[in-house]
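Notes for the one structure printed next.
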Amino acid sequence: MSAFKRVNVKGGISRQSILAPLREAQIVSSKPVFPAEILSTILDYLPVPGQLRFARVSKRMREMVYDDTRWVQRLQLMGCWDENEARKSAEAARRKRSETLQSIHEEEAKRAGIGVNGTANGTNGSDNPERPSVTLFDAAIEAAEHEGKTNGGPLKVAPPIEDGFDAIETSPRGRPAAYKSQDTASRIDIFAHVYSLRGFARQEYGKVYGALAPFYLDAIRCENHTHATVFRTYRDPTQQARMLFNISKFSNSDMSEGWQKRKEKFDALVGAFEMAVSKEFEQALDAGDVAGKMRKYAHVLAYLNGGHSGVELFISKSSIIGSRYRLGNALDCLNRKGPGSFSTEESYNFFSNVSTAFNEQVGIIDQIFPTSVNAIVPFVQRVGKAVISDYLTTLYDEAHRTNIESYLRAVSATCDQFLEMTRSLRPTSASGDDFYETLDEVIATIFEPHIDLYLKEELEFFKKKSSAEVNNWEKQLSEQDASMQSMFMSNVNRQADKRDFLTSFKKVVMMPVNVLPTFPMSSPFGGKPATAKALVNGEALATTEVSGSQTSTRPSSPGVINGTTLSVNRPTTELPEPPTTELAAKAAIMNSRLEGIRSLFSIEVALNLVHTAKSSIERAAVFVKVGGHIASDARLQCELVFISLLQTLGTRHIKAGFDQAVDHLSKYKPKEVDEQQGSGVTPLVTFLELVNVGDLIQQMLDVFYEQELITTKLSDRNDFLNPAVKEKKRFEQILDERVAAGLNKGIEVLMAEVEYLNATSQKPQDFNPGAASGGDPDVMDIGPSQAAIQVIETVSSHTRMLVGSTDKNMLDVFNQEVGMRLFAALCKHLKRQRISVNGSLKLISDMNLYFTYIQTLKNEDLLQFFKALRELSQIYLVDPADAKELATIIADGDRFHGIFRAEEVYQFAERRADWYQIKSKVERAMYGIGCMVM
Numbered sequence: 001m002s003a004f005k006r007v008n009v010k011g012g013i014s015r016q017s018i019l020a021p022l023r024e025a026q027i028v029s030s031k032p033v034f035p036a037e038i039l040s041t042i043l044d045y046l047p048v049p050g051q052l053r054f055a056r057v058s059k060r061m062r063e064m065v066y067d068d069t070r071w072v073q074r075l076q077l078m079g080c081w082d083e084n085e086a087r088k089s090a091e092a093a094r095r096k097r098s099e100t101l102q103s104i105h106e107e108e109a110k111r112a113g114i115g116v117n118g119t120a121n122g123t124n125g126s127d128n129p130e131r132p133s134v135t136l137f138d139a140a141i142e143a144a145e146h147e148g149k150t151n152g153g154p155l156k157v158a159p160p161i162e163d164g165f166d167a168i169e170t171s172p173r174g175r176p177a178a179y180k181s182q183d184t185a186s187r188i189d190i191f192a193h194v195y196s197l198r199g200f201a202r203q204e205y206g207k208v209y210g211a212l213a214p215f216y217l218d219a220i221r222c223e224n225h226t227h228a229t230v231f232r233t234y235r236d237p238t239q240q241a242r243m244l245f246n247i248s249k250f251s252n253s254d255m256s257e258g259w260q261k262r263k264e265k266f267d268a269l270v271g272a273f274e275m276a277v278s279k280e281f282e283q284a285l286d287a288g289d290v291a292g293k294m295r296k297y298a299h300v301l302a303y304l305n306g307g308h309s310g311v312e313l314f315i316s317k318s319s320i321i322g323s324r325y326r327l328g329n330a331l332d333c334l335n336r337k338g339p340g341s342f343s344t345e346e347s348y349n350f351f352s353n354v355s356t357a358f359n360e361q362v363g364i365i366d367q368i369f370p371t372s373v374n375a376i377v378p379f380v381q382r383v384g385k386a387v388i389s390d391y392l393t394t395l396y397d398e399a400h401r402t403n404i405e406s407y408l409r410a411v412s413a414t415c416d417q418f419l420e421m422t423r424s425l426r427p428t429s430a431s432g433d434d435f436y437e438t439l440d441e442v443i444a445t446i447f448e449p450h451i452d453l454y455l456k457e458e459l460e461f462f463k464k465k466s467s468a469e470v471n472n473w474e475k476q477l478s479e480q481d482a483s484m485q486s487m488f489m490s491n492v493n494r495q496a497d498k499r500d501f502l503t504s505f506k507k508v509v510m511m512p513v514n515v516l517p518t519f520p521m522s523s524p525f526g527g528k529p530a531t532a533k534a535l536v537n538g539e540a541l542a543t544t545e546v547s548g549s550q551t552s553t554r555p556s557s558p559g560v561i562n563g564t565t566l567s568v569n570r571p572t573t574e575l576p577e578p579p580t581t582e583l584a585a586k587a588a589i590m591n592s593r594l595e596g597i598r599s600l601f602s603i604e605v606a607l608n609l610v611h612t613a614k615s616s617i618e619r620a621a622v623f624v625k626v627g628g629h630i631a632s633d634a635r636l637q638c639e640l641v642f643i644s645l646l647q648t649l650g651t652r653h654i655k656a657g658f659d660q661a662v663d664h665l666s667k668y669k670p671k672e673v674d675e676q677q678g679s680g681v682t683p684l685v686t687f688l689e690l691v692n693v694g695d696l697i698q699q700m701l702d703v704f705y706e707q708e709l710i711t712t713k714l715s716d717r718n719d720f721l722n723p724a725v726k727e728k729k730r731f732e733q734i735l736d737e738r739v740a741a742g743l744n745k746g747i748e749v750l751m752a753e754v755e756y757l758n759a760t761s762q763k764p765q766d767f768n769p770g771a772a773s774g775g776d777p778d779v780m781d782i783g784p785s786q787a788a789i790q791v792i793e794t795v796s797s798h799t800r801m802l803v804g805s806t807d808k809n810m811l812d813v814f815n816q817e818v819g820m821r822l823f824a825a826l827c828k829h830l831k832r833q834r835i836s837v838n839g840s841l842k843l844i845s846d847m848n849l850y851f852t853y854i855q856t857l858k859n860e861d862l863l864q865f866f867k868a869l870r871e872l873s874q875i876y877l878v879d880p881a882d883a884k885e886l887a888t889i890i891a892d893g894d895r896f897h898g899i900f901r902a903e904e905v906y907q908f909a910e911r912r913a914d915w916y917q918i919k920s921k922v923e924r925a926m927y928g929i930g931c932m933v934m
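The numbers in the sequence shown follow UniProt numbering, run straight up by one, and end at 934.
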């Protein structure tokens, strides 16, 4: 403790200031504290002069004070210590020391007359006591050499520094009267001469302390800021600012007791100086003296603290901020072309004015601020917040209040214009390479408060509009169906119908009733991709494609889509006269509904929804350019719009239409349809037209998905977990299921028509000449019957519709099902006929006709059934005298390729006209009836 007293006598250090760290260390630490650690902690609370006096107490205390880490810490607080530089200097010193030792060793070995690694006279060269002393490394010389290399001048060797604090006045007052030891200009650049040298941190810190500590201590003691030595020594504002910056940097190394108060006093002095300079800068700004005082004082502020106050003052006085209301009025964009309208021209003019004014201010910034001050970033942020954000907020709030569609267009259009405007802004010379990235951040900040509401309203708007479109279509169908029923039932006389039921039924004319408008359509069951692409892109279809003799039509509503008027073909046929009987009216209603299957969902409704979705996605996709989470939300929004489109078209429109079509088909009864309709089954034809519409809608959605989501990289088709991909597959599955159900019902309708034709067109004498009264069995036609010809025409006309307009797999499935059901219908029909030997020729001709038709389907599995059917027809050609031969044919299973069992062939054989004459012989030949065992 005597050492403490000695220091207190000459250094002015109180006993309490030394014991305070000791008490604190004892309280904090639970372990024994060694005296060296206590003293080291005490040193942290001492000012620099006190530490130097402390070092004079003893050698041990001198080592503690001169510890290099203590001064490295102070250099780090000032930001003057570079660990990488220190490491490189140390490595260079070690390398130089090694080279010096090596050269000395070589010289001594040469003088001894031996090799480099040898010895002379039994004495090692390195242990020669008479060897002259050589200095291997001097950090002061290294520092001087480094300084010479850094400044580009000749290498100068500086004299060794004793302790680094030679020029420090250690008197209690510490106020220097004059500075003859160092030049005033060198003090300004003092930090440029401080190096990171291990082992010499104290000397490097001493340079700074000797140059700046007197000004710092004087500044904190001055009652009047104008009397500070720094202002009396340096008269130029630029030098004053640079010196104050150096002193402020040096004050960070002040760790002794009371440093907070000293820091506050010095900051007050700096603040007063900054205020005075800012006032001069403001006056120059008001006077417009750009190249003179504005530039001068902007540089002064930049030297003082980075120029932030000057930048803020310039921005607040900027013309673009002060005259922001003259750049454009947000409300001028609304209702100029009518209620609920949005004018993009007005918003474009606003952003154009902002761009022009901004670039003018950028030119001024380049003139007044140094390159070290990046004034463009806060300027852009202030312009974005005070000018553009206020404009957009006012516009969006008013548009959202008055009209949602105008609001959606305004948000998307202004964002696009804003992005375009940012690319026309000119950066300053201090902007750097990240100028446009900064602009993108500003854009994201401006639209951050609006993006959630916009995306929500965008999706809700599309859902409401698409739902209204489908509801309107369903309402039209319901009204047309009701008006059609009312029209057909308006002339019904129920009493007359009851009195003349049969007569009225025969007089019913089942003419197609087209109560819905039509739209030109491509070939049935499958539109071309080019057609779908043209529809998605809003191109009009001016022609109607015709497949065979069937001209496909579909319902349409007149309108304009994307500026392109759709051509609409409306029926010109007049409505038939309303029937006068209830039965005829109901039959006409059923026929009208069947004919109206093609209009259960509309290609134009799908087009309207697709173009509405396209507009919504294009509006939302603008925000992808903003980047960040806004871009992610925008991509998700586009996918949600597409998902909503699929759900509306798939579930509400197409699925409901197919379900209703299947219901109409299930009510079809060929016997109630007039024979004058021709060979075509009207319900199946119209259903195939409906399938074509569904297929064309699917192709439209594929083109839409490819163009709007995949090409623009808004969605990833390879991501099987993507909601849009999953919903698209679900839509295709719904369409396939409904088409399959409808085709199944349509095939049933087709087979019902086949059965009806067989029942009504097949004459008894076709297969049994002479059975009818007055018939001549000797004169007969061996060609196919009229019923078979009509059946083939009816079936083939429908299968031909699918050729070339759908994929092969679906075509094969359809043909397979039609063929199998036709086979079953023919077998059923044969079991109802009575066939004679002479009539078998016509039957064989019919079977050959069926077989020839099946060959055109190119289905080998199906062909085997009709080969068996053709072989089956041979059993009717066998003469009654050859009963045993007939029995052999019936029992020959290989003859019929395993398709007919003997029991089934036997059932067909029972339809022979002479069966009861040959039955016993055939059974005897087959089963051995009548044989006896002797």
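Using N, Cα and C, we set each Cβ at its ideal position, and we do this for glycine too. For clarity, every value in this text was computed on a predicted model and none was experimentally measured.
Review point. Between MET275, VAL277 and MET294, which lies nearest to ALA284 when the distance is taken from Cα to Cα?
Key: Residue MET294 is the option with its Cα nearest to ALA284.
Check your understanding: What separation, rounded to the nearest whole angstrom, lies between the Cα atoms of ALA410 and VAL693?
Key -> Cα to Cα, ALA410 sits roughly 36 Å from VAL693.
Review point. Just the Cα atoms here: how many angstroms apart are ASN608 and GLU469?
Key: The alpha-carbon atoms of ASN608 and GLU469 are separated by roughly 8 Å.
Practice item. Output the distance between the C-alpha atoms of CYS333 and ILE190, rounded to the nearest integer angstrom. Key: Distance from the CA of CYS333 to the CA of ILE190, rounded to the nearest whole angstrom, comes to 60 Å.
Practice item. Within 10 angstroms of the Cβ of ARG336, are there 16 or more other Cβ atoms? Answer buried if so, exposed if not. Key: It is exposed - the Cβ of ARG336 has fewer than 16 other Cβ atoms within 10 Å.
Exercise for review: Counting only the same chain and skipping the five closest in sequence on each side, list residues whose C-beta sits under 8 Å from that of ILE890.
Suggested key: The residues ILE875, ALA902, VAL905, TYR906, ALA909, VAL922 and MET926, in chain order, have a CB closer than 8 Å to that of ILE890 in the same chain once the five nearest residues on each side in sequence are set aside.
Check your understanding: Looking at the structure shown, is LEU334 part of a helix, part of a strand, or coil, going by DSSP?
Key -> The answer is strand: DSSP assigns LEU334 an E or B state.
Review point. For the 8 Å Cβ check, are there 3 or more pairs between the region 342–352 and the region 411–421?
Key: Three or more Cβ pairs drawn from the region 342–352 and the region 411–421 lie within less than 8 Å of each other, which places the two stretches in contact.
**Study point:** the region 420–438 contacting the region 473–480, beta-carbon criterion three pairs below 8 Å
**Key:** The region 420–438 is not in contact with the region 473–480.
**Study point:** C-beta atoms of residue 935 and ASN246 nearer than 8 Å
**Key:** For residue 935 there is no data in the structure shown, the boundaries of the chain being 1 and 934.
Practice item. Specify the secondary structure class of PRO32 as computed by DSSP and reduced to three states. Key: Caution is warranted here: a pLDDT of 49 is assigned to PRO32, below 50, making its placement in the model unreliable, and no coordinate value can be reported.
**Study point:** Those residues which DSSP pairs with PHE342 across a bridge
**Key:** Beta-bridge pairing links PHE342 to LEU334.
Check your understanding: Which ranges would you report for the alpha helix (DSSP H) in the region 709–773 if only whole runs of at least 4 residues count?
Key -> Taking only runs of at least 4 residues, the alpha helix (DSSP H) segments lying wholly in the region 709–773 are 723–761 and 764–767.
Check your understanding: What is the DSSP secondary structure of ARG912, reduced to helix, strand or coil?
Key -> Assigned with DSSP and collapsed to three states, ARG912 falls in strand.
Review point. When DSSP labels each residue in this structure, what does ILE446 get in the three-state scheme?
Key: In the structure shown, the three-state DSSP call for ILE446 is helix.
Point to revise | Sequence-distant residues of its chain with Cβ nearer than 7 Å to ILE368 (five each side left out) | key: Contacts found: VAL290, MET294, ARG295 and ALA298.
Exercise for review: With DSSP collapsed to three states, give me the class of ALA925.
Suggested key: The three-state reading of DSSP puts ALA925 in helix, counting H, G and I together.
Check your understanding: Of the choices GLU871, ASP879, SER797 and PHE866, whose alpha-carbon is the least far from that of VAL837?
Key -> The residue with the shortest Cα to Cα distance from VAL837 is ASP879.
Review point. So does the region 781–795 actually touch the region 759–770, counting three or more Cβ pairs closer than 8 Å?
Key: Here the region 781–795 lies against the region 759–770, with 3 or more beta-carbon pairs under 8 Å apart.
Review point. Roughly how many angstroms separate the alpha carbons of GLU460 and SER248, rounded to a whole number?
Key: Going by C-alpha positions, GLU460 is about 59 Å away from SER248.
Exercise for review: Determine the direct distance from the alpha carbon of GLY310 to that of SER318, and round the result to whole angstroms.
Suggested key: Straight-line Cα distance between these residues: approximately 12 Å.
Review point. Whose C-alpha, out of CYS638, LYS261, ASP390 and PHE658, is nearest the C-alpha of VAL691?
Key: Nearest neighbour of VAL691 by Cα position, chosen from CYS638, LYS261, ASP390 and PHE658, turns out to be PHE658.
Point to revise | ASP812 - containing alpha helix (DSSP H), residue span | key: Segment 808–830, the alpha helix (DSSP H) holding ASP812.
Practice item. Using the Cα positions of GLU274 and ASP67, report the straight-line distance between them to the nearest angstrom. Key: A direct Cα-to-Cα measurement between GLU274 and ASP67 gives close to 38 Å.
Exercise for review: Measure how close the beta-carbons of GLU457 and LEU392 come, nearest whole angstrom, since I'm counting them as under 8 Å.
Suggested key: About 15 Å separates the beta carbon of GLU457 from that of LEU392, a gap too long to meet the 8 Å contact definition.
Review point. Distance, Cα to Cα, PHE462 vs SER323?
Key: PHE462 and SER323: Cα-Cα distance of roughly 39 Å.
Check your understanding: Fully enclosed by the region 336–401, which alpha helix (DSSP H) runs are 4 residues long or longer?
Key -> Listed in chain order, the complete alpha helix (DSSP H) runs (minimum 4 residues) inside the region 336–401 are 344–368 and 376–383.
Review point. Which one of LYS728, SER466 and LEU640 has the shortest CA to CA distance from HIS611?
Key: Nearest neighbour of HIS611 by Cα position, chosen from LYS728, SER466 and LEU640, turns out to be SER466.
**Study point:** Local conformation of ILE899 per DSSP, three classes
**Key:** In the structure shown, ILE899 sits in coil (DSSP, three-state: anything other than H, G, I, E or B).
**Study point:** Span of the alpha helix (DSSP H), counted from its first residue to its last, around GLU274
**Key:** For GLU274, the enclosing alpha helix (DSSP H) begins and ends at 259–287.
Check your understanding: When you compare only the Cα positions, how much space is there between ARG924 and TYR850?
Key -> ARG924 and TYR850 have their C-alpha atoms roughly 34 Å apart.
Point to revise | Inter-residue spacing [alpha-carbon to alpha-carbon] between GLN833 and ARG911 | key: Cα to Cα, GLN833 sits roughly 6 Å from ARG911.
Review point. Just checking my contact of ILE782 with SER845 at CB under 8 Å: how many whole Å lie between their CB atoms?
Key: Between ILE782 and SER845 the beta-carbon gap is near 6 Å, inside 8 Å, which marks them as a contact.
Point to revise | LEU244 to ASP433 span [Cα, whole Å] | key: One alpha carbon belongs to LEU244, the other to ASP433, and they sit about 31 Å apart.
Practice item. May I ask you to report which of helix, strand or coil DSSP gives ILE782? Key: Collapsing the DSSP output to three states places ILE782 in coil.
Point to revise | According to DSSP, residues forming a beta bridge with ILE835 | key: BP columns for ILE835 point to ARG912.
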